[in-house]
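A.B. asks: What follows is a structure written as structure tokens; I'll ask about it next.
Numbering (this note's numbering), first residue to last: 8 to 751.
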């Protein structure tokens with residue numbers, strides 16, 4: 008894009024929010040400007056904005072090759088609506104329960120610009136509007152009263168560029184103290200309020216007159232840089248990298264960042280420590296890192312709890328493994344290979360064990376045998392996994408109850424804290440955690456805290472899958488420490504080897520480009536050539552909509568999951584979601600549009616953050632059951648439960664016809680379609696494609712140029728994740744667990 012004019016102003020009323028990214032703040036608005044026949048497109052980074060709000064934007068006109076003339080905003084200010092159209096859109100935005108587009112129109116027709124005064128001072132007059140009875144009038148009036156404090160801060164926040172939805176969140180977080188808190192330290196928003204990051208808080212701080220070199224800003228910037236590192240899986244950053252990155256981010260001298268780090272260290276918000284060298288890296292002495300104090304303490308606590316667990320005796324008496332295995336074989340018809348028998352024997356004498364291996368090596372069979380033997384000894388097992396889907400699959404394969412880790416630990420929906428901890432430990436003799444590669448440091452700390460010292464812990468996972476989305480690399484560090492007994496299964500069994508999915512996964516893991524099922528032969532793994540991202544997207548659409556359902560009899564929404572390496576791009580999850588939604592759910596049913604996404608009954612959606620109150624968690628997938636345009640709400644069915652969402656909660660949902668491979672960790676699907684193109688180059692690595700392939704149960708189709716697959720397979724190592732858990736775990740570290748159980 009090239010500017011075509013000097014900076015100027017555009018004002019008008021937001022007709023539609025076409026797109027808004029909650030993380031980056033980038034938005035595309037369609038605005039009705041006075042005296043202009045067509046809607047004006049405004050793009051730029053801004054807080055959330057609702058339809059109906061009046062805005063003023065400063066920026067330049069640009070010509071986009073695809074979308075034509077657009078106004079590229081450098082800043083956007085909002086104001087309460089005043090026109091009838093703006094009032095209607097504002098009232099229908101979900102701010103007041105009981106008012107949707109229909110009643111918003113009637114209220115504005117009846118009361119005009121006085122509508123807010125009527126609702127506040129004379130709510131009985133609302134019943135003069137056709138269709139509004141006593142109950143609805145009471146709901147509207149009660150909703151308005153609950154919003155009065157929000158109204159008090161709305162003008163203040165609008166002046167800082169904050170839209171209606173985020174203003175409500177700020178009020179819910181701070182209450183009537185919102186304004187003095189924000190004047191004192193607007194950077195608290197990035198820490199306290201979901202959906203408001205450092206960039207938005209920094210913009211507000213600038214408008215409040217906080218200087219760019221103010222230490223409160225630079226300290227917040229250091230925290231933001233560490234938080235961004237946490238989002239990339241790190242528990243800390245090399246101090247030199249942190250100084251350089253924060254200085255660049257904040258556009259301040261490095262000396263000021265060093266001063267801010269010193270203040271953060273003195274306050275206890277961060278911790279400085281040395282991490283040993285990467286065994287594959289050049290630095291023999293390691294590096295000095297700065298950690299967020301909470302993550303530093305969490306990693307150390309994990310090691311201490313595991314050391315305490317490993318120190319005791321097993322909660323079952325000594326078991327003769329050969330006799331137990333013979334009994335299991337006779338009772339349950341299980342015949343194990345030598346490697347599997349050794350794994351079971353190690354588990355029976357270990358209080359702490361990691362069971363690991365790839366697809367087709369018999370992890371499930373080994374786990375079932377361990378549980379069957381211990382159940383016969385009256386051992387009380389507790390089974391858990393990081394996600395609902397993974398827990399459900401664990402229950403199916405073992406025949407025992409399995410819960411998410413959050414449910415096992417009895418999360419408090421009000422504050423997200425767990426009821427189970429050292430003071431109120433879990434009531435069981437053996438805790439089994441499956442899909443451990445997904446478990447991040449905070450969740451692992453919470454789990455091991457709650458395991459009673461008398462119990463045993465069995466950690467099950469595939470070490471070659473992607474590490475957790477959250478900070479740390481718990482499973483990899485457990486294995487790297489060489490301080491914990493490990494049962495590693497490597498032999499692929501004949502029946503599993505007949506699956507090309509299993510074969511392809513192991514070929515990828517070995518650095519080999521997997522082979523497609525030959526044309527005309529039955530199989531479960533296919534490579535579909537596509538020259539570029541655009542053609543890959545077309546082929547994905549055809550595969551999901553027509554070819555796979557016709558040939559394999561699979562439902563395109565329920566059974567087929569598209570997994571992309573990233574969200575962006577023509578073959579990214581966002582673009583594919585829109586195309587698949589249009590193709591698979593084109594009904595004329597009512598669509599509720601929020602935050603740039605339109606939801607309709609039948610849409611496949613995903614929860615993208617933990618909601619302890621609703622008991623739905625990041626990565627849970629469901630289907631939209633119903634949409635209520637009047638109430639601006641919808642209902643989603645998740646694992647057989649109907650979950651209601653109001654207007655302010657819809658940013659927690661995204662379309663899920665396609666999702667990222669990272670989001671699919673711990674899940675299995677009947678069929679998986681994986682677009683893999685050179686457009687995804689920043690994400691192409693062996694673990695990514697290995698994880699994607701192992702998500703498919705009956706069918707995996709990889710779509711894209713062979714070059715992209717070869718690049719992914721050839722990229723064996725990803726960027727090092729900075730953590731210290733492996734060091735804390737080693738016997739030479741204070742509190743590190745020691746064992747004599749060996750490994751297989």
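We put the CB at the ideal spot given by N, CA and C, even for glycine. Just so we're clear, the structure is a prediction, and the values are computed from it rather than from any experiment.
With a cut-off of 8 Å, does the C-beta of residue 118 fall near any C-beta of chain D?
C.D. replies: Judged by its chain identifiers, the structure shown contains no chain D, having just a single protein chain.
A.B. asks: Assuming residue 194 and residue 174 make a contact with CB atoms under 8 Å, what is their CB distance in whole Å?
C.D. replies: Along the chain shown, read from residue 1 onward, the residue named residue 194 stands at position 187. Along the chain shown, read from residue 1 onward, the residue named residue 174 stands at position 167. Rounded, the Cβ-Cβ distance is 18 Å, inconsistent with contact.
A.B. asks: In the DSSP output, what is residue 245 paired with across the bridge?
C.D. replies: Indexing the chain shown from 1 puts residue 245 at position 238. According to DSSP, which records beta bridges pairwise, residue 245 is partnered with 296.
A.B. asks: Quick one: Cα of residue 184 to Cα of residue 196, how far?
C.D. replies: In the chain shown, the residue the question calls residue 184 occupies position 177. In the chain shown, the residue the question calls residue 196 occupies position 189. Approximately 13 Å, taken between the alpha carbons.
A.B. asks: May I ask which residues mark the beginning and end of the alpha helix (DSSP H) holding residue 222?
C.D. replies: Looking up residue 222 in the chain shown gives position 215. First-last of the alpha helix (DSSP H) with residue 222: 222-238.
A.B. asks: Work out the CA separation of residue 672 and residue 238 for me, nearest whole Å.
C.D. replies: Mapped onto the chain shown, residue 238 falls at position 231. Mapped onto the chain shown, residue 672 falls at position 665. Going from the Cα of residue 238 to the Cα of residue 672 covers about 16 Å.
A.B. asks: Are residue 366 and residue 685 close, meaning C-beta to C-beta below 8 Å?
C.D. replies: Translated into the one-based positions of the chain shown, residue 366 becomes position 359. Translated into the one-based positions of the chain shown, residue 685 becomes position 678. In this structure, residue 685 does not lie closer than 8 Å to residue 366 by Cβ.
A.B. asks: Would residue 303 be called buried (16 or more neighbouring beta carbons within 10 Å of its own) or exposed?
C.D. replies: As a first step, residue 303 must be located in the chain shown, where it is residue number 296. Classification for residue 303: buried.
A.B. asks: Roughly how many whole angstroms lie between the Cα atoms of residue 536 and residue 543?
C.D. replies: Looking up residue 536 in the chain shown gives position 529. Looking up residue 543 in the chain shown gives position 536. Whole-angstrom Cα-Cα distance: 8 Å.
A.B. asks: Kindly provide the ranges of any beta strand (DSSP E) runs that are 3 or more residues long and lie completely inside the stretch 634-707, ordered along the chain.
C.D. replies: For the stretch 634-707, whole beta strand (DSSP E) runs of length 3 or above, ordered along the chain, are 640-645, 648-652, 660-662, 665-667 and 676-682.
A.B. asks: Could you work out which residue in 268, 231 and 258 is closest to residue 246 when comparing CA atoms only?
C.D. replies: Along the chain shown, one-based indexing puts residue 246 at 239. With distances taken between Cα atoms, residue 246 lies closest to 268.
A.B. asks: Look at the Cβ atom of residue 139, then the Cβ atom of residue 118, and state whether they are nearer than 8 Å.
C.D. replies: Against the chain shown, residue 139 aligns to sequence position 132. Against the chain shown, residue 118 aligns to sequence position 111. No, these two residues do not count as a Cβ contact at 8 Å.
A.B. asks: Hey, which unbroken runs of the alpha helix (DSSP H) at 4 residues or more fall wholly within the stretch 109-137?
C.D. replies: For the alpha helix (DSSP H) assignment, the uninterrupted runs of no fewer than 4 residues enclosed by the stretch 109-137 are, from N- to C-terminal side, 122-128.
A.B. asks: Shortest alpha-carbon distance to residue 274 belongs to which of 595, 300 and 555?
C.D. replies: Taking the chain shown and counting its residues from 1, the one referred to as residue 274 is at position 267. Comparing Cα-Cα distances from residue 274 to each of 595, 300 and 555, the minimum goes to 300.
A.B. asks: Short of 8 Å in beta carbon distance, which residues of its chain neighbour residue 555, apart from the five on each side in sequence? Order them along the chain.
C.D. replies: Residue mapping note: residue 555 aligns to position 548 of the chain shown, counting from 1. These residues qualify, in order along the chain: 561, 563, 567, 678, 680, 706 and 708.
A.B. asks: Pick out whichever of 714, 670 and 717 has its Cα sitting closest to the Cα of residue 698.
C.D. replies: If you number the chain shown from 1, residue 698 lands on position 691. Per the Cα distances, 670.
A.B. asks: Can you check which of these residues, 720, 264 and 244, is closest to residue 278 by C-alpha distance?
C.D. replies: Within the chain shown, residue 278 is the residue found at index 271, counting from 1. Comparing Cα-Cα distances from residue 278 to each of 720, 264 and 244, the minimum goes to 244.
A.B. asks: Could you tell me which residues DSSP puts in a beta bridge with residue 34?
C.D. replies: Indexing the chain shown from 1 puts residue 34 at position 27. Answer by DSSP bridge pairing, in chain order: 27 and 51.
A.B. asks: Give the DSSP-derived three-state secondary structure of residue 585 in the structure shown.
C.D. replies: Reading the chain shown from its first residue, position 578 is the one you call residue 585. Under the three-state reduction of DSSP, residue 585 is assigned to helix.
A.B. asks: For a minimum of 3 consecutive residues, which ranges assigned as the beta strand (DSSP E) are wholly contained in the stretch 565-634?
C.D. replies: 567-571, 599-601, 604-606 and 611-614
A.B. asks: What does DSSP give as the partner residues of residue 496 in its beta bridges?
C.D. replies: Mapped onto the chain shown, residue 496 falls at position 489. Answer is 364.
A.B. asks: Whose C-beta lies closer than 7 Å to the C-beta of residue 39 among residues of the same chain, with five residues either side of it excluded?
C.D. replies: As a first step, residue 39 must be located in the chain shown, where it is residue number 32. Here the set comprises 19, 20, 22 and 46.
A.B. asks: Grab the span of the alpha helix (DSSP H) containing residue 199 for me, first residue to last.
C.D. replies: Your numbering for residue 199 matches position 192 in the chain shown. Counting along the chain, the alpha helix (DSSP H) containing residue 199 begins and ends at 195-199.
A.B. asks: Can you tell me whether DSSP reads residue 284 as helix, strand or coil?
C.D. replies: Against the chain shown, residue 284 aligns to sequence position 277. Three-state result, residue 284: coil.
A.B. asks: Taking three-plus beta-carbon pairs below 8 Å as touching, is the stretch 474-487 in contact with the stretch 728-738?
C.D. replies: yes
A.B. asks: Residue 91 lies in the alpha helix (DSSP H); which residues open and close that run?
C.D. replies: Locating residue 91 in the chain shown gives position 84, counting from the first residue. It spans 91-97 - the alpha helix (DSSP H) in which residue 91 sits, taken as one unbroken run.
A.B. asks: Residue 284 to residue 294, Cα distance in whole Å?
C.D. replies: Here residue 284 is taken as the residue at index 277 of the chain shown, counted from 1. Here residue 294 is taken as the residue at index 287 of the chain shown, counted from 1. C-alpha separation (whole angstroms): 7 Å.
A.B. asks: Look at the alpha carbon of residue 548 and the alpha carbon of residue 352, and state the distance between them as a whole number of angstroms.
C.D. replies: Position 541 of the chain shown, counted from the first residue, corresponds to residue 548. Position 345 of the chain shown, counted from the first residue, corresponds to residue 352. Between residue 548 and residue 352, the C-alpha separation is close to 49 Å.
A.B. asks: Apart from the five residues on each side of it in sequence, which residues of its chain come closer than 8 Å, Cβ to Cβ, to residue 50?
C.D. replies: As a position in the chain shown, residue 50 is number 43, starting the count at 1. 33, 34, 35, 36, 77, 78, 79 and 80, listed in sequence order.
A.B. asks: Identify the residues that DSSP records as bridge partners of residue 84: which are they?
C.D. replies: The residue given as residue 84 occupies position 77 in the chain shown. Looking at the DSSP assignment, residue 84 forms a beta bridge with 63.
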